[in-house]
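Going by my numbering, the sequence shown opens with residue 11, and the numbers climb by one from there. Have a look at the structure below before the remarks.
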Amino acid sequence: MLEIKDVRFSYDKKSPIVLNGINMSLEKGKVGVILGGNGAGKTTLFKTILGIEKPSSGDICINSFSILDLSRKERAKIVSYVPQNISFGDLTVYETIMTGRIAYFDFNEGQEDRIEVERAIKEMGLESLVDRLSEQLSGGEKQKVAIARAIAGKPKLIVFDEPTGNLDLANERLLIELIKRLSKELNITVLCSLHNLNEALEIGDNFFFMKDGIIKYTGEKDVFSEEIIEDIFGVKVKILKIDNQLMIAGGERK
Ligand code: ADP
């Protein structure tokens, strides 16, 4: 379970507070979606979870254990990050996925590292690509490699920042399915930011609407309302229910 308790942060003393007391919790194996306008602080919140920035106060716990004072290496065993723009350098698929184990070994990988890499390869169906250069793969294959690298580290939480931002429709669908599998089959907790509200509804179990440095609204799918979306994004939408599924239409600016 991920718990974020009253986290505050600003980039420096003179700049405005970006995180002004963030409180949220997300159960193990659930997909949490952070929603908010540009500049709301989503990426900054992720940086505090990943240890790139340190909150000025508050705590971040996974399974009741604070991760704030862990070294980068120790934290990497608990939290993995799948970036939006993936660049793998000159590594094969196998080597790329092995980099997801770096927190576990000093110089050379061991038997357990190889077992976890094999497991991640199988999980993502990458067996036929292991010797190819990751950089030369298609967009969808690269996504799978990035996720395999993340799960090879056996994290408790995987963070995705705007994961569908640069993908075409087919790869967007693939990614949504992969994220659902991470949570439902592998029981990994996933936190992601998304700007497409319908994608958010499809993928998320819990939703966190961010504005003015706080989580202003939170809940399951039924938290979505036309008023909340207007407050958060400044646009008017219609929420429709089709075959018992919510759909968000429109998006006229106020
Ligand atoms: P989001 O991901 O929701 O678009 P960000 O976390 O990127 O929001 O940004 C939140 C606020 O923090 C913005 O006002 C942005 O200008 C500011 N900010 C982001 N990165 C930095 C930085 N490295 N230094 C100073 N201010 C920053």
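Beta carbons: idealized from backbone N, C-alpha and C, even for Gly.
Going by DSSP in three states, residue i sits in which element: helix, strand or coil?
{"i": "threonine 174", "result": "coil"}
{"i": "asparagine 33", "result": "strand"}
{"i": "arginine 18", "result": "strand"}
{"i": "valine 247", "result": "strand"}
{"i": "leucine 139", "result": "helix"}
{"i": "leucine 60", "result": "helix"}
{"i": "valine 127", "result": "helix"}
{"i": "valine 7", "result": "In the structure displayed, the chain extends from 11 to 264; residue 7 sits before or after that span and is not available."}
{"i": "lysine 132", "result": "helix"}
{"i": "serine 24", "result": "For the record, residue 24 in the displayed sequence is lysine; it is not serine. Three-state DSSP puts lysine 24 in coil, outside helix and strand."}
{"i": "leucine 147", "result": "coil"}
{"i": "alanine 50", "result": "coil"}
Across which residues does DSSP place residue i in a beta bridge pair?
{"i": "glutamine 255", "result": "Ile252"}
{"i": "valine 41", "result": "Val200"}
{"i": "threonine 228", "result": "Phe218"}
{"i": "glutamate 13", "result": "Ser35, Cys71"}
{"i": "glycine 120", "result": "In DSSP, glycine 120 forms no bridge with anything."}
{"i": "glycine 260", "result": "Val247"}
For ligand 1, any of its heavy atoms closer than 8 angstroms to the Cβ of residue i?
{"i": "glycine 46", "result": "yes"}
{"i": "valine 28", "result": "yes"}
{"i": "leucine 55", "result": "yes"}
{"i": "alanine 158", "result": "no"}
{"i": "tyrosine 114", "result": "no"}
{"i": "tyrosine 227", "result": "no"}
{"i": "tyrosine 91", "result": "no"}
{"i": "aspartate 253", "result": "no"}
{"i": "lysine 52", "result": "yes"}
{"i": "glycine 49", "result": "yes"}
{"i": "methionine 108", "result": "no"}
{"i": "aspartate 69", "result": "no"}
{"i": "serine 66", "result": "no"}
{"i": "aspartate 22", "result": "yes"}
{"i": "methionine 220", "result": "yes"}
{"i": "serine 203", "result": "yes"}
{"i": "serine 97", "result": "no"}
{"i": "serine 25", "result": "yes"}
Do you know how far the Cα of residue j is from the Cα of residue i?
{"i": "aspartate 50", "j": "glycine 120", "result": "Residue identity differs from the one stated: residue 50 is alanine in this sequence, not aspartate. Going by the C-alpha atoms only, they are around 43 angstroms apart."}
{"i": "serine 90", "j": "serine 20", "result": "23 angstroms"}
{"i": "isoleucine 189", "j": "aspartate 116", "result": "30 angstroms"}
{"i": "alanine 130", "j": "glutamate 237", "result": "42 angstroms"}
{"i": "isoleucine 77", "j": "phenylalanine 219", "result": "24 angstroms"}
{"i": "isoleucine 14", "j": "leucine 36", "result": "9 angstroms"}
{"i": "leucine 192", "j": "isoleucine 198", "result": "6 angstroms"}
{"i": "alanine 180", "j": "leucine 204", "result": "17 angstroms"}
{"i": "glutamate 240", "j": "asparagine 33", "result": "22 angstroms"}
{"i": "cysteine 71", "j": "alanine 259", "result": "37 angstroms"}
{"i": "threonine 7", "j": "serine 144", "result": "For the chain, the structure presents residues 11 to 264; residue 7 sits outside this window and is missing."}
{"i": "valine 155", "j": "glutamate 182", "result": "15 angstroms"}
Complete alpha helix (DSSP H) runs within the segment 65-111 (minimum length 4 residues, chain order): Listed in chain order, they are 82-86, 103-108.
Identify every run of the alpha helix (DSSP H) within the segment 150-224, keeping only runs that are complete inside it and at least 4 residues long; order them along the chain. You should have 179-194, 207-213.
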